Structure formats: C-alpha cells, structure tokens
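To start, the structure under review is shown below, and the notes come after it.
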Amino acid sequence: MPTMIMVLNGPNLNLLGSREPETYGTLTLPEIGSMSKDHAAKLGFDIDFRQSNHEGTLVDWIQEGGDSAHGIILNAGAYTHTSIAIRDAIAAIKTPVIEVHLSNVFAREAFRHHSCISEVSEGVICGFGATGYVLAIDAIASMLRA
Ligand code: DQA
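Be aware that the sequence shown starts at 1, since it is given in this note's numbering, and climbs by one per residue.
As structure tokens, then:
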C-alpha cells in the first residue's frame, strides 16, 4: 500500500493567490497542491489534497485520515484559534498531524498566538509560506522512517 498523506486546508484558503498576498503569498491553493504532490512523489508518497470552509467537514476528514492516511498536514486557517472540535478529532486518532501556517502567526495579532491544535499535533511549521507544506511532508517522511 503506498504511503498516503492527507493535506487538509481550512476556511478562506481557497482564496489564496488573491487573499492578502502580502501575508499569504501569491500562489493559489491548486499551485500549492501541485507543489506538494510533486515533492511527495519524489519520496514515493501519494497526496490527498483538500480544502473546506466548514469545521464539521474538516472533522470528518480528520476522522477519515485516522483510518486511511499515514500522516495529516493540517492548515486549519482561523479554526486553529477556535476549534475544540478539530482538536478533539486530532486527539481521537493515531495518525500523526503536522500543523502548518503560511504566515508567522506569532508575528501577527495576539488572537493568532493561541492554537487549539498545537498541543495535540506532532509539530508546528509556520512563517515559510507554501514551503511549509514541503517541510511538513519531509517531517512526516522522517517520522515514518524512524
Ligand atoms: C493561517 C493563519 C490563520 O491565523 C488564518 O486565520 C488563516 C491562515 C496561515 O496559513 O497563515 O486563515 O492558517
């Protein structure tokens, strides 16, 4: 069975490219998806890349990843700072989750400094733009090798 990594993106990330490019960069989400798939392919991994604006859908997908994925990369967008439901979904599964943010949330507004999901994630990558997704794939690769 090939190694499968689920990459889940939360609210407003479908607008990347035109959304606050000075903060989030100019790549669109499909471009970040292609970048992730190309990088993962070099390591022999499959990527299942998804986006939803809905908290419950993200919860459903995390549960699904708990059954079917070897790792989950999660940019939960603003739900990062508010969602106990997403936190509980991560805590309920054994699949490792890496939290990713394009922007350096700690260099921004105070309400972005708290994450509901960091405590239940394997690690957090933020501030490197789209490269953060590639770094997260490498992080999962080294965890799976260990
Ligand atoms: C984000 C940071 C969040 O604070 C914000 O709500 C987002 C995007 C990021 O990728 O930098 O929607 O997760």
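Ideal placement from N, C-alpha and C gives every residue a C-beta, glycine not left out.
Treat the numbers as computed from the prediction; the structure is a model and nothing was measured.
Check	Outcome
Residue 116 to residue 106, Cα distance in whole Å?	14 Å
Give the residues whose C-beta lies closer than 6 Å to at least one heavy atom of the ligand HEM, in chain order.	Ligands present in the displayed structure are limited to the ligand DQA, and the ligand HEM is not among them.
How would you call residue 99, buried or exposed, if buried means at least 16 neighbouring beta carbons within 10 angstroms?	buried
With a Cβ-Cβ cutoff of 8 Å, do residue 24 and residue 103 count as a contact?	yes
Taking Cβ positions, are residue 91 and residue 66 nearer each other than 8 Å?	no
Closest to residue 51 by C-alpha separation, out of 83, 69, 110, 32, would be which residue?	32
Which full runs of the alpha helix (DSSP H) of 4+ residues lie inside the stretch 21-72, going along the chain?	21-24, 29-42, 55-68
Shortest alpha-carbon distance to residue 60 belongs to which of 89, 38, 46?	89
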